[in-house]
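Residue numbers (full-length UniProt numbering): 1 to 302.
Structure (structure tokens):
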């Protein structure tokens, strides 16, 4: 790998969400602020949506890591569950020990008792679901019914949904109007701007141990951003491939040809119109120069 070559202690553009690399970008900070405010005020449902690769799972982990001690967090990373499976999963996350032969009504009763017990000890219980767009319709309804559990003054369970925009499309259906109206706080993650992405790339390299001259200049970072449409995951993929290409040539930093090669090799990315026009003109110029050179050569030979 290229770590030693570029003076890095760890891979800077890994696709695994690592809160060590969290950078205070405006959309991510705003999302965390919305989540923290909603949880502090005791709201039942909170929702964060964003396109694939915009950083939802990273924010999810950051939120869980920074929850105050009074919060008891139940985390479901894969919510493709039937209503029954959802109840079992919640029960396990709440620390319940139960017999496998109890029915769903008994299980719901045990969950409510556990929520009341945790509440009596000063805990606020948060159920966090990543990839919530995968929840079947029946399970979304079961989730709504969970938030009916409450005392005279507060909800026994708060639910945080991290999802792709497909969830918003489903919630707009008439049949989900009750759940939709219970979502009092929501936030939609946007792609990064050019300046944000430039700072993002430099930050990750710095955390990975890079010292000295930047590996990506501003021009090449802008090409990365344009090709990735500002999606952090795609920026990571392109930056990683560009570093590999640069390392393969023994270069000391990333050049435009490395970025271009990474873009060509990556689905869901493309060169901007300006970049394509530049390469078209460059190739045309090379062809013209070659033609002139051949004419001069054969003319001289004659």
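No residue lacks a Cβ here, since even glycine has one placed at the ideal position from N, Cα and C.
As the structure is a prediction and not an experimental result, all values here were calculated from the model.
key: Three-way DSSP call (helix, strand, coil) for residue 56 in this model   = Here residue 56 refers to the residue found at position 56 of the chain shown. Correct three-state label for residue 56: helix.
Report task. Can you tell me which of the three DSSP states residue 211 falls into? Result -> Translated into the one-based positions of the chain shown, residue 211 becomes position 211. Correct three-state label for residue 211: coil.
Practice problem: Give me whichever residues DSSP pairs with residue 183 in a beta bridge. | Solution: The residue labelled residue 183 in the question sits at position 183 within the chain shown. According to DSSP, which records beta bridges pairwise, residue 183 is partnered with 45.
message: For a quick check, are the C-beta atoms of residue 24 and residue 232 less than 8 Å apart?
response: As a first step, residue 24 is located in the chain shown; it is residue number 24 there, counting from the start. As a first step, residue 232 is located in the chain shown; it is residue number 232 there, counting from the start. No.
Taking a contact to mean a Cβ-Cβ separation below 8 Å, would you say residue 42 touches residue 189 in this structure? The residue labelled residue 42 in the question sits at position 42 within the chain shown. The residue labelled residue 189 in the question sits at position 189 within the chain shown. It is not a contact, given that the beta carbons lie outside the stated cut-off.
Quiz item: If you draw a straight line from the C-alpha of residue 239 to the C-alpha of residue 39, how long is it?
Solution: Mapped onto the chain shown, residue 239 falls at position 239. Mapped onto the chain shown, residue 39 falls at position 39. Cα to Cα, the separation comes out at about 36 Å.
| said: Rounding to the nearest angstrom, what Cα-Cα distance links residue 81 and residue 58 in this structure? | reply: Numbered from its first residue, the chain shown carries residue 81 at position 81. Numbered from its first residue, the chain shown carries residue 58 at position 58. Looking at the two C-alpha atoms, the distance is approximately 22 Å.
*Hey, would you say residue 256 sits closer than 8 Å to residue 223, going by beta carbons?*
Residue numbering aside, residue 256 sits at position 256 when the chain shown is read from its first letter. Residue numbering aside, residue 223 sits at position 223 when the chain shown is read from its first letter. Taking 8 Å as the Cβ cut-off, residue 256 and residue 223 qualify as a contacting pair.
Mapping the DSSP letters down to three states, classify residue 252 as helix, strand or coil.
Within the chain shown, numbered from 1, the residue matching residue 252 stands at position 252. Here residue 252 sits in coil by DSSP.
Item to complete: Use the C-beta contact count for residue 153: other C-beta atoms within 10 angstroms, 16 or more gives buried, fewer gives exposed.
Response: In the chain shown, counting from the first residue as 1, residue 153 sits at position 153. Label assigned to residue 153: exposed.
For residue 146, does the three-state DSSP call read helix, strand or coil?
Taking the first residue of the chain shown as 1, we reach residue 146 at position 146. Three-state result, residue 146: helix.
Review point. Which residues mark the beginning and the end of the beta strand (DSSP E) in which residue 6 is found?
Key: As a working note, residue 6 is residue 6 in the chain shown. Segment 3 to 6 is the alpha helix (DSSP H) holding residue 6; no beta strand (DSSP E) there.
| message | Below 8 Å, how does it come out for the region 197 to 212 and the region 179 to 188: are there three or more Cβ pairs, yes or no? | response | no
Cβ neighbours of residue 261 in the same chain (closer than 7 Å, five flanking residues each side left out): If you number the chain shown from 1, residue 261 lands on position 261. Closer than 7 Å at the Cβ level, and outside the excluded window around residue 261, lie 245.
Subject >> Cβ neighbour criterion (16 or more within 10 Å) applied to residue 56 >> reply: The sequence position of residue 56 within the chain shown is 56, counting from 1. Burial call: buried.
Considering only residues of the same chain and omitting the five flanking positions on each side of residue 281, which have a CB-CB separation below 7 Å? The residue you call residue 281 lines up with position 281 of the chain shown. At residue 281, the pLDDT of 46 sits below 50, so the modelled position is not reliable and the matter cannot be decided from this model.
**Item:** Sheet register partners of residue 127 (DSSP bridge)
**Value:** In the chain shown, the residue the question calls residue 127 occupies position 127. In the DSSP output, where bridge partners are listed per residue, residue 127 has 74 and 159.
In chain order, what residues of the same chain have a beta carbon less than 6 Å from the beta carbon of residue 10, not counting five sequence neighbours either side?
Taking the first residue of the chain shown as 1, we reach residue 10 at position 10. Counting only Cβ-Cβ distances below 6 Å, and skipping sequence neighbours, we find 208.
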